[in-house]
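Right, one structure below, let's go through it.
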Amino acid sequence: MLPHAVLTADLFHVVQLAVKAVGDVRRRVVRARYGRRGRSGDPEYGIKGLLVRNLEHLSPGQFAKIIGTLDRDRYGPEIAAAWIAKEKLRDALNLRARITGSTPCERQVRDRLFSFYDWCAQHDDIPELVTLARTISRWKNEITAAVTTGITNSTAESLNRLAKLEARLAYGFRNPLNQRRRVRIACTRGYRRRSRTATPAAHIR
């Protein structure tokens, strides 16, 4: 029906896969080191929140804390490799125009994805990275299209989440009309707030 349509991946979920891989590696390494789950007081547990943050949002002190923790013993390099893989994948996704201000070409995106694949191949003894690389490889065309076109379904997903949340808050609706009204109010709340703060002079011609 739509012969010229292009499939794109949701980049939020692509990053989510990489973040999950980092968490899986950290949990496996902690269990191998201590013979139990991580707990407060463990060095690795102390940086788990920092590992999922974007590299550019880390302060110098936070970055030094990650490096110091992962360089402490032989268990850290596996976590570090997964963390670097996450950031290499983000490097490819960050080429999109919303971040750089210019539309990237397909070759640029594929070159950065290749850097991610190469890093995972160098650490193919880490099963979580192998799984992540295979998943990204299966969706490479859709990911490339999402980066080059900048198309995302994030707005639709956020509205869908609001609709589900309203249904839960109301403990179910008996009147479909009331349901539609409440969902519409919830989904247009931001728009109506911006309309109220607009200056009256903007509407005078």
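Numbering follows the numbering used here, in which position 73 of the sequence shown is assigned residue number 126; successive positions increment by one, without gaps. All residues carry an ideal CB built from backbone N, CA and C; glycine is no exception.
Measure the alpha-carbon distance for residue i versus residue j and round it to whole angstroms.
{"i": "residue 179", "j": "residue 192", "result": "21 Å"}
{"i": "residue 114", "j": "residue 102", "result": "14 Å"}
{"i": "residue 75", "j": "residue 195", "result": "23 Å"}
{"i": "residue 220", "j": "residue 226", "result": "7 Å"}
{"i": "residue 118", "j": "residue 230", "result": "54 Å"}
{"i": "residue 166", "j": "residue 158", "result": "13 Å"}
{"i": "residue 143", "j": "residue 131", "result": "19 Å"}
{"i": "residue 73", "j": "residue 67", "result": "10 Å"}
{"i": "residue 90", "j": "residue 98", "result": "10 Å"}
{"i": "residue 236", "j": "residue 63", "result": "24 Å"}
{"i": "residue 162", "j": "residue 233", "result": "41 Å"}
{"i": "residue 128", "j": "residue 201", "result": "38 Å"}
{"i": "residue 145", "j": "residue 85", "result": "32 Å"}
Quick check on the DSSP output: the alpha helix (DSSP H) that includes residue i runs from which residue to which?
{"i": "residue 192", "result": "No alpha helix (DSSP H) holds residue 192; DSSP gives it neither H nor E."}
{"i": "residue 89", "result": "No alpha helix (DSSP H) holds residue 89; DSSP gives it neither H nor E."}
{"i": "residue 132", "result": "129-146"}
{"i": "residue 55", "result": "No alpha helix (DSSP H) contains residue 55, which DSSP labels as neither H nor E."}
{"i": "residue 157", "result": "Here residue 157 belongs to no alpha helix (DSSP H), and DSSP marks it neither H nor E."}
{"i": "residue 210", "result": "207-222"}
{"i": "residue 233", "result": "229-240"}
{"i": "residue 151", "result": "150-153"}
{"i": "residue 123", "result": "113-123"}
{"i": "residue 102", "result": "101-104"}
Exposed or buried, which one is residue i when buried takes at least 16 other CB atoms within 10 Å?
{"i": "residue 217", "result": "exposed"}
{"i": "residue 65", "result": "exposed"}
{"i": "residue 153", "result": "exposed"}
{"i": "residue 78", "result": "buried"}
{"i": "residue 170", "result": "buried"}
{"i": "residue 241", "result": "exposed"}
{"i": "residue 222", "result": "exposed"}
{"i": "residue 259", "result": "Any answer about residue 259 is impossible in this case: the structure gives the chain only from 54 up to 258."}
Just to confirm, does residue i get its C-beta within under 7 Å of one of the non-hydrogen atoms of the ligand SAM?
{"i": "residue 213", "result": "The ligand SAM is not part of this structure, which contains no ligands at all."}
>> Can you confirm whether the segment 187-206 touches the segment 147-154 when touching is taken to mean that 3 or more C-beta pairs between the two stretches lie within less than 8 Å?
In response: In short, these stretches touch, since the Cβ pair count reaches three.
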